[in-house]
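Take a look at the structure below.
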Amino acid sequence: MTELEKKQSRAPVPSGWDYAPAPEARDIVRIEERYGHFVGGEWLEPRETYTTIAPASEEPLAEVGQATPEEVRSAIQAARDAFQNGWSALPGSERAKYLFRIARILQERSREFAVLESLNGGKPIKESRDVDLPLAAAHFFYYAGWADKLEYAFPNRRPKPIGVAGQIIPWNFPLLMLAWKIAPALAAGNTVVLKPAETTPLTALLFCDVVRQAELPPGVVNIVTGDGRTGVEIVKGDVDKIAFTGSTDVGKTIQRELAGTGKRLTLELGGKAANIVFDDCALDQAVEGIVNGIYFNQGHVCCAGSRLFVQESIYEDVVKKLKRRMKTLRVGDPLDKNTDVGAINSRQQLEKIKELVAAGEQEGAEIYQPPCKLPEKGYWFVPTVFTNVAQSYRIAQEEIFGPVLSVLTFRTPDEAVEKANNTPYGLSAGIWTEKGSRILWMAERLRAGVIWANTFNRFDPASPFGGYKESGFGREGGRHGLEPYLKFE
Ligand code: NDP
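What follows is the structure, given as structure tokens:
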């Protein structure tokens, strides 16, 4: 033992930092035993139900409806009636009032929503509290502002709403994806039928209460729950547009189904983002960005920085700092305010992550997982990093959608661009460098819809978001996000 270490062990300060649990109270939210479908402003008693659970404990939370084809049809009809009976003809300034109201109610009830989001989805409370909820409210505020300015947003094009939008969303940001879909649709004068993901229906169902509180006319927002079969019925139904966020495979199926029908479509699909670190960057800041890029929301993020490209000259340093930082990540109870990494959303997703991690080891990559005690019940995965990764490995090509990072290297900016673009996806990318000119040079060449410089995973309602190639098409957010919900004369 060195002299320094001996001194440290005798020091009166604790050798490690242990955090006492700081659980957020869950009694702020009241979960019903059973939920129906929200159709025409009323709760429709479901014919079939399933149980939704808390992925952190596998505890059953509620019975929710598995919508049948007739139930989906009645939701679409309610949306059609509401569209024709007043909503689409309402002045934009009136629609804006409802959207502002919804935004304010979301802010007022944000703690309730944050707790429910973490319970049903497994994400850490500090993320649902500080990211999902503020952003969801911000989207309603933002699009409320556009509702009476559509003529200015699209001058000389006479924008008109298109009708009924069918909206199908995933489980990684349940309420935020709902806001991304519903806010622009309503601002543009459409009505909607939305299906939350099978595993995370509860915040969408609580949102129905907000819709009522805001006194939104019945039928403008309809929510039906269920698994992929419900999604299929919405796609087949009498809707004018489908907005889908989810896997590339399902996106392709929907595109095939809609081909030739004249229905509009936007797809926000998977990703395998490159996070590119140059040797002149602020290293500690970059390491924080790498950690945020891949371990935020357990890596259940379509734009996650899951492929890390490090310039060869700083490779050892980056990997060392990254591993040290990973040791400080606290994995556990999503409702604990100290938790950095929560539960994996479902058993099915956990199996998928395990399968791809096993493939990475088998193909020859080197795995590192920090020492970490996982809870006994629920679905968990230790934050993982792979080094010694070849571009052809499955872990460098396929979307893992979990807390798993693959590290690769490059020597020159040209090589970084070539490797970063070597993917079927094109949703996002990150660049870490001191040089502004290099940021612009890289951004011009990277085939990705969103590019962050010296930061990662930053979202703003005013900024359009969407992909290239197999990451989909169409943009959500900003003025661009209104366009898919409008027709022009
Ligand atoms: P899916 O694409 O299956 O789910 C997205 C939504 O579509 C859900 O509401 C789902 O319902 C619904 N759906 C499923 N099948 C159909 C269909 N044929 N027609 C219409 N709607 C359908 O994603 P998964 O939840 O199965 O996740 C699988 C993988 O997809 C993940 O591992 C990840 O790689 C990727 N993914 C990407 C996301 C992104 O943001 N880009 C988000 C989620 C997943 P149900 O919930 O019942 O399945």
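All residue numbers for the sequence shown refer to our numbering, where the first residue is 934 and numbers rise by one. Glycine residues also receive a C-beta, built at the ideal position from the N, C-alpha and C atoms. All figures in this text were calculated on a predicted structure; none of them were measured in a lab.
| Query | Result |
| --- | --- |
| Would T1317 be called buried (16 or more neighbouring beta carbons within 10 Å of its own) or exposed? | buried |
| Just to confirm the assignment, what range does the alpha helix (DSSP H) spanning I893 have? | No answer is possible for residue 893: it lies beyond the span of the chain, which begins at 934 and ends at 1422. |
| Could you tell me the alpha carbon to alpha carbon distance between Q1281 and E1131, rounded to whole angstroms? | 12 angstroms |
| Are F1389 and G1204 touching if we call contact CB-CB under 7 angstroms? | no |
| Measure the alpha-carbon distance for E965 versus V1143 and round it to whole angstroms. | 15 angstroms |
| I'd like to know if V1183 contacts chain C, where contact means its C-beta is closer than 7 angstroms to some C-beta of that chain. | You won't find chain C in this structure, because it holds only one protein chain. |
| What ranges does the beta strand (DSSP E) occupy inside the segment 946 to 1014, keeping only unbroken runs of at least 3 residues that lie completely in it? | 970 to 972, 975 to 977, 982 to 987, 992 to 998 |
| For a test of the three-state rule: what should DSSP assign to E1050, helix, strand or coil? | helix |
| Keeping to the same chain, check which residues put their C-beta closer than 6 angstroms to that of S1026; ignore five residues upstream and five downstream. | D1081 |
| Could you spell out the range, first to last residue, of the beta strand (DSSP E) harbouring R1197? | 1197 to 1201 |
| Less than 7 angstroms between C-beta atoms, sequence neighbours within five positions excluded: which residues of the same chain meet that for V1340? | L1241, V1243, V1252, V1318, F1319, T1320, V1322 |
| Any heavy atom of ligand 1 closer than 6 angstroms to the CB of N1105? | yes |
| Residues in its own chain within less than 7 angstroms of E1299 by CB, not counting five upstream and five downstream? | F1319, T1320, N1321 |
| Just mark Y1312 as buried or exposed, buried being the case when its beta carbon has 16 or more other beta carbons within 10 Å. | buried |
| At which residue ranges does the segment 1073 to 1122 contain complete beta strand (DSSP E) runs of 3 or more residues, listed in the order of the chain? | 1092 to 1094, 1097 to 1101 |
| Let me know if E1294 comes out buried or exposed under the rule of 16 or more other beta-carbons within 10 Å of its beta-carbon. | exposed |
| Is T985 near ligand 1, with its Cβ less than 6 angstroms from a heavy atom? | no |
| Mind checking A953: buried by the 16 CB within 10 Å criterion, or exposed? | exposed |
| Where does R1240 sit, in a helix, a strand or coil, going by DSSP? | strand |
| How long is the line joining the alpha carbons of K1114 and P1394, rounded to whole angstroms? | 12 angstroms |
| Quick check: P1094 and N1053, are their CB atoms within less than 7 angstroms of each other? | no |
| To the nearest angstrom, how far is the alpha carbon of A1137 from that of L1111? | 7 angstroms |
| Can you give the beta carbon distance from L1373 to A1353, rounded, assuming they're within the 8 angstroms contact cut? | No, L1373 and A1353 are not in contact; Cβ-Cβ is about 15 angstroms, not under 8 angstroms. |
| Is there contact between the segment 1012 to 1024 and the segment 1189 to 1201, where contact requires at least three CB pairs shorter than 8 angstroms? | no |
| How big is the Cα-Cα spacing for S990 and K1310? | 5 angstroms |
| Roughly how many angstroms separate the alpha carbons of V1337 and G974, rounded to a whole number? | 42 angstroms |
| Is A1207 helix, strand or coil when you go by DSSP? | strand |
| Would you list the one or two residues that DSSP bridges to D1269? | P956 |
| Output the boundary residues of the alpha helix (DSSP H) element that contains G1436. | This structure cannot settle anything about residue 1436, because the visible part of the chain is limited to 934 through 1422. |
| Quick check on T1133: buried or exposed, where buried means 16 or more other Cβ atoms within 10 Å of its Cβ? | buried |
| Alpha carbon to alpha carbon, how far is R980 from G1161? Give it in angstroms, no decimals. | 17 angstroms |
| E1299 bridges to which residues according to DSSP? | T1320 |
| Does the separation of the CB atoms of T1186 and L1202 fall below 7 angstroms? | no |
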